[in-house]
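Protein chains in written order, with the numbering used here: chain A, 18 to 150; chain B, 108 to 273.
Backbone N, C-alpha and C define an ideal beta-carbon position, used for all residues, glycine too.
Each remark here refers to the structure printed beneath this line.
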Amino acid sequence: MFWKYIRPETGKAEKVEYTEWRWEAVYLDGTVLKQYDDSGFYHQVREIDLSKLYMFKLVHDTMPGVQILWKPGRKLTYFYRNYLFNFGTEDETRGRIYCCEYQDGEDKVLITILPDNSVMITEDISQIKLVTE
Amino acid sequence: MPATVEICESNGAGETITHNITNANMGSVDSPNLNPVSYPIIAGQYSFEKYHRFHVTNMGGSASVRNLKVWMTGTLSGSDVLRTSATATNYAQKTYGTPSSSASSKATYVIGTSEPSGANVGISGSLSGEITAAGYSDYVVFQLFVHSSTTQGATVTLNYQYDEIA
């Protein structure tokens with residue numbers, strides 16, 4: 018199933034596949050901006066109006082999600098860390114870590130969802146080591 | 108998948124690009140997807156250089172791809188050495204050249220055996236570069252040196268990693 022993203026830089030539409038974990042931005046007025054909205058359109062995290070944000074959520078169809086009550090002034094980064102381990106071998110593994118980082122002043126908190134759907138919170142993503150040895 | 112990213116290899120004088128390669132085996136011929144048994148490297152000699160790139164074929168709605176990393180897992184035989192152009196310090200973009208089995212002037216760093224803390228493969232000449240539309244990273248060059256004392260090779264593997272701003 019695909020959602021549609023209209024890239025502002027080009028005006029062209031792109032097909033976007035559904036991901037296992039998605040974000041939802043709940044605003045102070047109760048409205049919700051979803052990464053994959055109910056109208057079939059995809060949204061990038063830069064579209065979130067952080068000045069009106071009440072809660073940032075990470076949601077999954079069957080897993081308990083993560084809810085972050087928002088604080089004014091925070092910066093938000095949402096990204097995927099994609100890996101391809103043991104390339105070209107029988108043990109080749111491809112996967113993704115979902116990463117949500119918010120920053121209060123100089124302090125950063127990184128909330129990650131690992132391949133087994135567990136949640137790990139850290140200040141430094143380099144501390145997360147997926148086994149390649 | 109959001110962004111679609113493959114690993115490509117370039118070979119030959121005219122640069123033939125093979126998309127979505129299936130292995131990174133080093134050998135005594137300049138070809139992608141090698142069976143190393145068919146193209147062994149004589150002890151005391153170098154493999155042909157390999158030129159790889161991350162290739163974003165579709166952004167899939169994401170804003171950018173960045174923070175590219177490559178490293179090795181495993182232990183080589185004896186005094187064998189796998190060198191690369193990938194480095195997190197003093198990075199310099201490498202241009203494509205016909206792969207050679209002489210000592211590479213581009214793959215000059217011993218490849219790391221653990222995930223580097225920062226990017227070690229550049230985009231448009233910079234480790235902090237980003238891919239924002241379908242396109243390629245910089246080349247990352249590899250070359251294996253098989254020491255004269257080596258009698259049997261070992262198997263090591265490459266790991267690739269990249270971040271994608273959603």
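- The C-alpha of S143 of chain A lies about 12 Å from the C-alpha of A226 of chain B.
- Interface residue (Cβ-Cβ distance to chain B less than 7 Å): V76 of chain A is not classified as such.
- Taking a 10 Å sphere around the C-beta of V62 of chain A, we find 16 or more other C-beta atoms and assign the residue as buried.
- Excluding residues up to 5 positions away in sequence, R160, F161, L175, V228 and I230 lie with their Cβ nearer than 6 Å to the Cβ of S244 of chain B in the same chain.
- Using a 10 angstroms sphere on the CB of G232 of chain B, the tally of other CB atoms stays under 16, which defines it as exposed.
- Neighbours of T264 of chain B in chain A, taken as residues whose beta carbon is under 7 Å from its own, are N103, F104 and T106 in chain order.
- Listed in chain order, the non-local C-beta contacts of S235 of chain B below 6 Å within the same chain number zero, local neighbours out to five positions each way being set aside.
- For K69 of chain A, there is no enclosing beta strand (DSSP E), as DSSP gives it neither H nor E.
- Contiguous beta strand (DSSP E) elements confined to the stretch 43-120 of chain A occur at 49-51, 70-77, 83-86 and 92-102, taking only those with 3 or more residues.
- Within the stretch 112-124 of chain B, the residues whose Cβ lies closer than 8 Å to any Cβ of chain A are, in chain order, V112 and I114.
- The shortest CA-to-CA distance from F102 of chain A to any of B:A131, B:V172 and B:G121 is the one to B:A131.
- Around the beta carbon of S154 of chain B, 16 or more other beta carbons sit within 10 angstroms, so the residue counts as buried.
- Secondary structure at I148 of chain B: coil, using DSSP grouped into helix, strand and coil.
- With the rule of 3 Cβ pairs closer than 8 Å, the stretch 111-127 of chain A counts as touching the stretch 85-93 of chain A.
- Rounded to the nearest whole angstrom, the C-alpha separation of Q268 of chain B and T110 of chain A is 11 Å.
- Ranked by Cα distance from E113 of chain B, the options A:W38, A:Y100 and A:F58 are led by A:Y100.
- Taking all protein chains in view, the Cβ of H60 of chain A is crowded by 16 or more other Cβ atoms within 10 Å, so the residue is classified as buried.
- Residue environment for A199 of chain B: exposed (fewer than 16 other C-beta atoms within 10 angstroms of its C-beta).
- Excluding the 5 residues flanking it on each side, H77 of chain A has same chain C-beta neighbours closer than 6 Å at W38, in chain order.
- Ranking B:S171, B:E156, B:P147 and B:N140 by CA distance to the CA of G242 of chain B puts B:S171 first.
- Pairwise C-beta distances place the stretch 213-225 of chain B in contact with the stretch 184-195 of chain B, as three or more of them are shorter than 8 Å.
- Interface residue (Cβ-Cβ distance to chain A less than 7 Å): N130 of chain B is classified as such.
- Close to chain B, meaning a Cβ-Cβ distance shorter than 8 Å, are the following residues of the stretch 77-98 of chain A: T94, Y95, F96, Y97 and R98.
- Rounded to whole angstroms, the separation of the alpha carbons of K21 of chain A and G57 of chain A is 6 Å.
- Using a Cβ-Cβ cut-off of 7 Å, E156 of chain B does not count as an interface residue toward chain A, since no Cβ of chain A sits closer than that to its own.
- Any Cβ of chain B closer than 7 Å to the Cβ of S68 of chain A would place that residue at the interface, and such an atom is absent.
- Only those residues of the stretch 31-50 of chain A whose C-beta falls short of 7 Å from the nearest C-beta of chain B are listed: E31, V33, E34 and T36.
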